[in-house]
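Have a look at the structure below before the remarks.
Chains as they are written, first to last, in the working numbering: chain G, 11 to 550; chain U, 885 to 1227.
Here it is as structure tokens:
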């Protein structure tokens, strides 16, 4: 009896973990709002299984460096630069978690779930990268203009979220005693909409916005009435990545000069290295002759100012300070930061200096409607398949068949939970694989039941027949399942997106079926035999 | 209890020559279609453009054809996809049109213009659009071939480790038969060979192998159990013993593939066709190919360890090799003996 209890605990544990893995939860998705043309956040409550592009709809692009206008000697470096550029631009799409990854050596994969306009995707991705250096707002002109911006927003009838406001204002201008700070703090009854969302950063012209608020702030600063209130000669630029300060993630917003001091076309090269003397991470860059003249004029005028490095309109890293006049050769010191960060920055500079032209070698667009239809059809086929399997199993094996069907329910639960837990993606072929595997999953039970029948025919007692049936069927079950897993692994290694989804579903399905068909059914049998010690004929 | 094929004593192996001729004939027919019509590769493999359009109402296919010709896409192929209102336009990168990487996307836009003309601007919805460059296609062809070959090698190694090389070789021959038969089926049906279909072929490989292993596992066991009988009888006995299982498992699997074939939609249909056929050929090959080939291999290279002597040490002397044509057709039911306690 104790043995049965242990087994039941294990099964219960698996079921609980699976159910927790599958409970629908709120996930935030950034969708592109057709009306305003801006990305916005929506909260969707859904089962946490990743759906592939073929089920959700979306765009898949494979890109390579365009070699038609002349050979590119180092395509791996070129594709790394391109990856950096494309990643920087992905915010424009407003897609939740866009996938940008390098496949093999020289190919870039971009997946935009939910996106429907391939022409827009192409134009954004294939646009030439643009690198520029700009001085940040050293005189805090933007901060001084904040009250006017707030007033403009108030006039437009936009209210801040009441709860966040007062403390944010206090934090924002903390010990700062500028006029703007006092003004907005004094007007505590109706704090400024925008200023309540901005926190002063570490350097002039840098502001931090909580990561979850940045789409909202972005929509505010892009309003025409706000744009007209921003001081002349200044522009606002977002940081490329979220950065964490303490427990929270922030996005940096920079007020920078509208004029750039130099652009990427003058850059010759940029490399990251570690300074052997000071052990600092540095990025050394070199400008061509014309660039050097321009840069030395500009840097002479801006000593001790901060210089934002902007790639495609996004500020990369924290702006470094200009220490001295710089000619053809300059270096950006990153202090004790890891060399990786220096390499990233060098990559940004190179991306802007030598934009890699990208050619689309594979493009797939699937509409959300088609994806929804596929899910509907696949689920229907699954239900019909399950019903047929249930009828066959119960019709043939009676009570034992019913036990197998109970295990089949757990099998479905385990497989879906496995997909959710490990974050694998369910694709259309994957869905088909799942339906197919329902038919195959009962194979282990069929093998076991046939064995038990044979043992019974040989005149063994009920209990012995059940025990031996499970034992003797094991060899065949393990061998056949391992061989199927091996072929599925090969399929995974060779296939692309949808086919990999199929292979993954098959592998998880086989593992889940071994657990449910062997362990769960054995437990159910043990309980059954224990309840009815006087049973002489097995309903099998 | 319902028992199908309980204590069946069919002489399966006797029909091996007939089975070989049958499957050989099917393969020849398939090969004939393959040579005359060629493989209907999807654009994933050839490179090209495919656009699936939902018009929402019935449009004569000739109108769209005319619009495509008008716009210069004479080599594009158009057909209904699943329903009257849904269309699939396929333009492969052919010899006659020297399209580069960018060309495939130009074709996709041209197809949209053709629908603008024939169906009306805004009157249709593009459900799916694929534009594959020639390079990606070539790469995939190579990868698919490698996948199938590699799966053979891995299977052979696994079976050689778990069973014995003779079993492994017989199983691989049976699996190779399934691949050839499935390719023949694909070419007769003129199914479009996409990566998903290649995936289906590999799944058939796994499924068929699974089935062969179930029978071979029984053969391995029976070889140890009944040392007096020759391999011919043991093979028949093992197939008969596993027959109820085969019927049940293939029944449930066919039930699910038929559900996929009929209900899961147009995109999955080629996959479901291949799987449905694969179940038949997998079952067939386990019985009529794998077992006779094992018999033949054993005759050609008789070995002590074929009888499981390796796993059982040298407890019993190896029985003499199997005679050429046994006179006793059905395998006599062996005396019920308690299984050997050795485990």
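Backbone N, C-alpha and C fix where the C-beta goes; we use that ideal spot for every residue, glycine too.
Strictly below 7 angstroms CB to CB, what residues from chain G border residue 1034(U)? Taking the first residue of the second chain as 1, we reach residue 1034(U) at position 150. Under a criterion of Cβ atoms nearer than 7 angstroms, the residues of chain G adjacent to residue 1034(U) are, in order, 500.
When the cut-off is 8 angstroms and only beta carbons count, does residue 86(G) lie next to chain U? Within the first chain, numbered from 1, the residue matching residue 86(G) stands at position 76. Chain U contact via Cβ: absent.
Mapping DSSP to helix, strand and coil, what is residue 320(G)? As a working mapping, residue 320(G) is identified with position 310 in the first chain. DSSP places residue 320(G) in strand when its eight states are reduced to three.
Does the separation of the CB atoms of residue 1036(U) and residue 1060(U) fall below 8 angstroms? If you number the second chain from 1, residue 1036(U) lands on position 152. If you number the second chain from 1, residue 1060(U) lands on position 176. Against a cut-off of 8 angstroms, the Cβ pair of residue 1060(U) and residue 1036(U) comes out as a contact.
Using a beta-carbon distance below 8 angstroms, is residue 1051(U) in contact with chain G? Within the second chain, the letter at position 167 stands for residue 1051(U). For residue 1051(U), the nearest beta carbon of chain G is not closer than 8 angstroms to its own beta carbon.
Starting from residue 419(G), find everything on chain U with Cβ-Cβ shorter than 7 angstroms and list it in chain order. Counting from one through the first chain, the residue named residue 419(G) turns up at place 409. Simply none; closest approach about 15 angstroms.
Runs of beta strand (DSSP E) wholly within the segment 105 to 165 of chain G (minimum 3 residues, chain order): Entirely contained in the segment 105 to 165 of chain G, the beta strand (DSSP E) runs reaching 3 residues are, in chain order, 109 to 113, 117 to 123, 141 to 145.
Top-ranked residue by Cα proximity to residue 970(U), from 950(U), 947(U), 939(U): As a position in the second chain, residue 970(U) is number 86, starting the count at 1. Out of 950(U), 947(U), 939(U), the CA that lies nearest to the CA of residue 970(U) is found in 939(U).
Kindly provide the ranges of any alpha helix (DSSP H) runs that are 4 or more residues long and lie completely inside the segment 970 to 1032 of chain U, ordered along the chain. Within the segment 970 to 1032 of chain U, the complete alpha helix (DSSP H) runs of at least 4 residues fall at 987 to 1002.
Check whether chain G comes within 8 angstroms of residue 989(U), counting only Cβ atoms and requiring the distance to be less than that. If you number the second chain from 1, residue 989(U) lands on position 105. It does; some Cβ of chain G falls within 8 angstroms.
I need the DSSP call for residue 404(G), collapsed to helix, strand or coil. Working through the first chain from its first residue, we reach residue 404(G) at position 394. Reduced to three states, the DSSP call for residue 404(G) is helix.
Could you check whether the Cβ of residue 1076(U) sits closer than 8 angstroms to any Cβ belonging to chain G? What you label residue 1076(U) is simply residue 192 of the second chain in a count that begins at 1. At a cut-off of 8 angstroms between C-beta atoms, residue 1076(U) does not count as an interface residue with respect to chain G.
Assign residue 82(G) to one of three DSSP states: helix, strand, or coil. Taking the first chain and counting its residues from 1, one reaches residue 82(G) at position 72. Three-state DSSP puts residue 82(G) in coil, outside helix and strand.
Check whether chain U comes within 8 angstroms of residue 540(G), counting only Cβ atoms and requiring the distance to be less than that. Within the first chain, residue 540(G) is the residue found at index 530, counting from 1. It does not: the Cβ of residue 540(G) has no partner Cβ on chain U nearer than 8 angstroms.
Taking the beta strand (DSSP E) that residue 934(U) belongs to, which residues open and close that run? In the second chain, counting from the first residue as 1, residue 934(U) sits at position 50. 932 to 938 is the span of the beta strand (DSSP E), which, as asked, contains residue 934(U).
Give, in chain order, every residue of the segment 71 to 82 of chain G whose Cβ lies closer than 9 angstroms to some Cβ of chain U. Cβ contacts with chain U come from 72, 74, 76, 78.
Say whether chain U places a C-beta atom closer than 8 angstroms to the C-beta of residue 485(G). As a first step, residue 485(G) must be located in the first chain, where it is residue number 475. Residue 485(G) counts as touching chain U.
Note down the Cα distance separating residue 155(G) from residue 204(G), rounded to an integer number of angstroms. Residue mapping note: residue 155(G) aligns to position 145 of the first chain, counting from 1. Residue mapping note: residue 204(G) aligns to position 194 of the first chain, counting from 1. Looking at the two C-alpha atoms, the distance is approximately 11 angstroms.
Cβ closer than 9 angstroms: which chain U residues qualify as neighbours of residue 25(G)? For this step, residue 25(G) is matched to residue 15 along the first chain. Correct list: empty, because the minimum Cβ distance to chain U is about 24 angstroms.
Assuming contact is defined by CB atoms lying nearer than 8 angstroms, are residue 65(G) and residue 438(G) in contact in what I supplied? In the first chain, counting from the first residue as 1, residue 65(G) sits at position 55. In the first chain, counting from the first residue as 1, residue 438(G) sits at position 428. The answer is yes: Cβ separation under 8 angstroms.
Taking just the CA atoms, how far does residue 530(G) sit from residue 450(G)? Position 440 of the first chain, counting from 1, holds the residue named residue 450(G). Position 520 of the first chain, counting from 1, holds the residue named residue 530(G). Answer to the nearest angstrom: the Cα atoms are 17 angstroms apart.
Inter-stretch contact at 8 angstroms, needing at least 3 Cβ pairs: the segment 243 to 254 of chain G / the segment 282 to 298 of chain G: No contact exists between the segment 243 to 254 of chain G and the segment 282 to 298 of chain G.
Indicate the three-state DSSP secondary structure (helix, strand or coil) for residue 503(G) in the structure shown. To locate residue 503(G), count along the first chain from 1; it is residue 493. Helix.
Below 7 angstroms between beta carbons is the criterion; list the residues of the segment 1096 to 1112 of chain U that meet it against any residue of chain G, in chain order. Cβ contacts with chain G come from 1097, 1098, 1101.
Is the segment 466 to 477 of chain G touching the segment 1023 to 1031 of chain U, taking contact as three or more C-beta pairs under 8 angstroms? No, they do not touch.
Between the segment 110 to 120 of chain G and the segment 71 to 89 of chain G, do three or more beta carbon pairs fall short of 8 angstroms? Touching, yes.
Output yes or no for whether 8 angstroms exceeds the beta carbon distance between residue 436(G) and residue 62(G). In the first chain, counting from the first residue as 1, residue 436(G) sits at position 426. In the first chain, counting from the first residue as 1, residue 62(G) sits at position 52. If you check the CB distance, residue 436(G) and residue 62(G) come in under 8 angstroms.
Name the one or two DSSP bridge partners that residue 248(G) has. Here residue 248(G) refers to the residue found at position 238 of the first chain. In the DSSP assignment, residue 248(G) is bridged to 263(G), 324(G).
Who are the Cβ neighbours of residue 1016(U) in its own chain at under 7 angstroms, not counting the five residues just before and after it? Reading the second chain from its first residue, position 132 is the one you call residue 1016(U). Around residue 1016(U): 927, 928, 931, 932, 988.
CB of residue 462(G) within 8 angstroms of CB of residue 550(G), strictly: Position 452 of the first chain, counted from the start, is the residue given in the question as residue 462(G). Position 540 of the first chain, counted from the start, is the residue given in the question as residue 550(G). The answer is yes: Cβ separation under 8 angstroms.
Please confirm whether residue 380(G) has its beta-carbon closer than 8 angstroms to some beta-carbon of chain U. Translated into positions along the first chain, residue 380(G) becomes position 370. Chain U, which has a Cβ nearer than 8 angstroms to the Cβ of residue 380(G), makes this yes.
Below-8 angstroms beta-carbon distance, residue 1195(U) vs any chain G residue: Position 311 of the second chain, counting from 1, holds the residue named residue 1195(U). Residue placement at residue 1195(U) is flagged as unreliable, the pLDDT there being 39, under the threshold of 50; the coordinate-derived value follows with that caveat. It does not; no Cβ of chain G falls within 8 angstroms.
Extent of the continuous alpha helix (DSSP H) run through residue 14(G): Along the first chain, one-based indexing puts residue 14(G) at 4. Residue 14(G) -> alpha helix (DSSP H) spans 12 to 32.
Compute the beta-carbon to beta-carbon distance between residue 1126(U) and residue 1098(U), rounded to the nearest angstrom, for a pair I have assumed lies under 8 angstroms. By 1-based counting over the second chain, the position of residue 1126(U) is 242. By 1-based counting over the second chain, the position of residue 1098(U) is 214. Residue 1126(U) to residue 1098(U), Cβ: 6 angstroms. Contact.
If you draw a straight line from the C-alpha of residue 222(G) to the C-alpha of residue 55(G), how long is it? Counted from its first residue, the first chain places residue 222(G) at position 212. Counted from its first residue, the first chain places residue 55(G) at position 45. Spanning the two alpha carbons is a distance of roughly 18 angstroms.
Min CB distance residue 543(G) to chain U below 8 angstroms: Counted from its first residue, the first chain places residue 543(G) at position 533. Taking Cβ atoms only, chain U never reaches closer than 8 angstroms to residue 543(G), which makes this a no.
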